[in-house]
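I have placed the structure first, in the form of structure tokens, so that the comments after it can refer back to it.
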Amino acid sequence: MDFCAERLSVGEWVHIFPEGKINMEHKYLRLKWGVGRLVADSAVSPLVLPYWHVGMDDIWPNKAPDYPRTGKEGK
């Protein structure tokens with residue numbers, strides 16, 4: 006979070022998940038206080054752009070590809 010606060014203080018952007026991790030379970034998780042801290046500690050008022058995306062795991066799955074690779078044993 007200190008790194009993110011430093012980036013915001015010089016006018017750069019950061020992208021964080023307010024749950025504190027990537028949610029792979031498709032259910033709501035408790036939000037953490039980190040965003041509030043970043044806004045409060047920033048020397049420059051940051052633009053906060055909240056968004057909710059659904060289906061990203063269909064486009065960019067968090068698993069190994071399903072195609073065969075040479076030199077690897079099958080499981």
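All residue numbers for the sequence shown refer to our numbering, where the first residue is 6 and numbers rise by one.
Idealized CB from N, CA, C, for every residue including glycine.
According to DSSP, is residue i helix, strand or coil?
i, result
"Val12", "Checking the sequence shown, residue 12 turns out to be Arg, not Val. Correct three-state label for Arg12: helix."
"Val40", "helix"
"Ala48", "coil"
"Ile64", "helix"
Please report the distance separating the alpha-carbon of residue i from that of residue j.
i, j, result
"Glu17", "Val59", "26 angstroms"
"Asp62", "Tyr33", "16 angstroms"
"Gly76", "Phe22", "37 angstroms"
"Trp65", "Met29", "12 angstroms"
Using the beta-carbon count (16 or more within 10 Å), is residue i buried or exposed?
i, result
"Leu43", "buried"
"Pro55", "exposed"
"Leu52", "exposed"
"Leu36", "exposed"
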